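Engineer: Got a structure for you, written out below as structure tokens; questions coming shortly.
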Amino acid sequence: TQLLEQSPQFLSIQEGENLTVYCNSSSVFSSLQWYRQEPGEGPVLLVTVVTGGEVKKLKRLTFQFGDARKDSSLHITAAQTGDTGLYLCAGAIGAQKLVFGQGTRLTINP
Amino acid sequence: GAGVSQTPSNKVTEKGKYVELRCDPISGHTALYWYRQSLGQGPEFLIYFQGTGAADDSGLPNDRFFAVRPEGSVSTLKIQRTERGDSAVYLCASSLQGRGEQYFGPGTRLTVT
């Protein structure tokens, strides 16, 4: 069974601080995706990383895929209250299904 | 609307009853996925359709769960003899030809009392 472990599960920081969320697995994935989910809504894709060592930036968010394609990180610079939400990583198995981590619930305090 | 829609948004049922959950994918998307999300957890894969056929149903927990997509568009997830442990948010997603981004619906929150 492919498992994705996310850490931390909960994170509460002050506005303006930096943070990093980790996603680790013993399995290799064809790609890894990061989602954000708001209450009462489905996950919304933020980014897909495909190549080992790949780094993608989305404004203040930086995503990195590990060299061995087993782990990934999400770094947020100068967090804002609008960044509050549930962040999920998901590994793609072929083109068919996603294996999700348990999520990181992020709270940015003003 | 252009997104994935799911109905009902909430469903409360008694233990032992039968329920149907509906998903309308984005028009033109041939791939459709069902996931289940328990409280405090990430979504868990249930089943994947490519067109009308179930290409991968390895995530269905037992034979009380069944899903259909008879015309390759709308899909229905059916749960027989519901149990309290079936309580969760059931998410549907679709993608273009089974590759690329999966677009998720808002989910159906199922509560079994």
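First to last, the sequence lines map onto chains A and B.
Add 1 to a position in the first sequence, counting from 1, and you land on the number used in the working numbering.
Add 6 to a position in the second sequence, counting from 1, and you land on the number used in the working numbering.
No residue lacks a Cβ here, since even glycine has one placed at the ideal position from N, Cα and C.
Bear in mind the structure is a predicted one, so any value in this text is a computation, not a measurement.
1. In its own chain, which residues sit with a C-beta less than 8 angstroms from the C-beta of A:Ala-69, not counting the 5 before and 5 after it?
2. On the three-state DSSP scale, how would you describe A:Asp-84?
3. Compute the Euclidean distance between the alpha carbons of A:Leu-84 and A:Thr-108, then round it to the nearest angstrom.
4. Would a check of beta-carbon distances place B:Phe-31 closer than 9 angstroms to chain A?
5. Using three-state DSSP, classify A:Asp-68 as helix, strand or coil.
6. Could you check which residue in A:Ile-94, A:Gln-97 and A:Thr-63 has the C-alpha nearest to that of A:Tyr-23?
7. How big is the Cα-Cα spacing for A:Ser-73 and B:Gly-59?
8. DSSP state of B:Asp-92, grouped into three classes?
9. Determine the DSSP secondary structure at B:Gly-59, reduced to helix, strand or coil.
10. My output table needs one value for B:His-35: the three-state DSSP class, helix, strand or coil.
11. Of the residues B:Gly-65, B:Pro-76 and B:Gly-111, which one's Cα is nearest the Cα of B:Gln-56?
12. List, in order along the chain, the chain B residues whose C-beta lies closer than 8 angstroms to that of A:Lys-98?
13. For B:Asp-92, count neighbouring C-beta atoms within 10 Å of its own C-beta (all shown protein chains included) and say buried if the count is 16 or more, exposed if not.
14. Do we get a CB-CB distance below 9 angstroms when we pair A:Gln-103 with the residues of chain B?
15. Name the residue from A:Leu-89, A:Gly-41 and A:Ile-77 whose alpha carbon lies nearest to the alpha carbon of B:Asn-16.
16. Using 8 angstroms as the threshold, is the segment 81-91 of chain B in touch with the segment 101-109 of chain B, meaning 3 or more CB pairs across them?
17. Considering only their Cβ atoms, is the gap separating B:Phe-51 from A:Gln-99 smaller than 9 angstroms?
18. What residue range is occupied by the uninterrupted beta strand (DSSP E) comprising A:Asn-25?
19. Listing by chain order, which chain A residues have their CB less than 8 angstroms from the CB of B:Gly-57?
20. List, in order along the chain, the chain B residues whose C-beta lies closer than 7 angstroms to that of A:Leu-46?
21. Excluding five sequence neighbours on each side, which residues of the same chain lie with their C-beta closer than 7 angstroms to the C-beta of B:Ile-32?
Structural biologist: In short:
1. As a working mapping, residue 69 of chain A is identified with position 68 in the first sequence. Shown here for A:Ala-69: same chain residues with a beta carbon closer than 8 angstroms to its own, the five before and five after excluded, namely Val-29 and Gly-53 in chain order.
2. Sequence index remark: in the first sequence, residue 84 of chain A carries index 83 (1-based). Look at A:Asp-84 here: in three-state DSSP terms it is helix.
3. The residue given as residue 84 of chain A occupies position 83 in the first sequence. The residue given as residue 108 of chain A occupies position 107 in the first sequence. Looking at the sequence shown, residue 84 of chain A is not Leu but Asp. Using only the alpha carbons, I get a separation of about 8 angstroms.
4. Counted from its first residue, the second sequence places residue 31 of chain B at position 25. Correcting the residue identity first, residue 31 of chain B is Pro in this sequence and not Phe. No, no contact with chain A.
5. The residue labelled residue 68 of chain A in the question sits at position 67 within the first sequence. Reduced to three states, the DSSP call for A:Asp-68 is coil.
6. Against the first sequence, residue 23 of chain A aligns to sequence position 22. Here the closest residue by C-alpha is A:Thr-63.
7. Locating residue 73 of chain A in the first sequence gives position 72, counting from the first residue. Locating residue 59 of chain B in the second sequence gives position 53, counting from the first residue. The alpha-carbon atoms of A:Ser-73 and B:Gly-59 are separated by roughly 33 angstroms.
8. The residue you call residue 92 of chain B lines up with position 86 of the second sequence. Three-state result, B:Asp-92: helix.
9. For the purposes of this step, residue 59 of chain B is identified with residue 53 of the second sequence, where counting begins at 1. DSSP places B:Gly-59 in strand when its eight states are reduced to three.
10. Against the second sequence, residue 35 of chain B aligns to sequence position 29. The DSSP-derived three-state label of B:His-35 is coil.
11. Translated into positions along the second sequence, residue 56 of chain B becomes position 50. Put simply, of B:Gly-65, B:Pro-76 and B:Gly-111 the residue whose alpha carbon is nearest the alpha carbon of B:Gln-56 is B:Pro-76.
12. Locating residue 98 of chain A in the first sequence gives position 97, counting from the first residue. Here the neighbours are Tyr-39, Phe-51, Tyr-54, Asp-62 and Gly-65.
13. If you number the second sequence from 1, residue 92 of chain B lands on position 86. The Cβ neighbour count for B:Asp-92, taken over all protein chains shown within 10 Å, is at least 16; the residue is labelled buried.
14. Taking the first sequence and counting its residues from 1, one reaches residue 103 of chain A at position 102. Yes, contact with chain B.
15. Along the second sequence, one-based indexing puts residue 16 of chain B at 10. The residue with the shortest Cα to Cα distance from B:Asn-16 is A:Gly-41.
16. Because the criterion of three Cβ pairs below 8 angstroms is not met, the segment 81-91 of chain B and the segment 101-109 of chain B do not touch.
17. The residue you call residue 99 of chain A lines up with position 98 of the first sequence. The residue you call residue 51 of chain B lines up with position 45 of the second sequence. The sequence given here places Leu at residue 99 of chain A; Gln does not occur at that position. Yes, the pair counts as a contact, with Cβ atoms nearer than the cut-off.
18. The residue given as residue 25 of chain A occupies position 24 in the first sequence. Secondary structure note for A:Asn-25: its beta strand (DSSP E) is the uninterrupted segment 20-25.
19. If you number the second sequence from 1, residue 57 of chain B lands on position 51. Those within 8 angstroms of B:Gly-57 in chain A number zero; the least Cβ separation is about 13 angstroms.
20. Within the first sequence, numbered from 1, the residue matching residue 46 of chain A stands at position 45. Here the neighbours are Glu-107.
21. Taking the first residue of the second sequence as 1, we reach residue 32 of chain B at position 26. Around B:Ile-32: Ala-8, Gly-9, Val-10, Ser-100 and Tyr-109.
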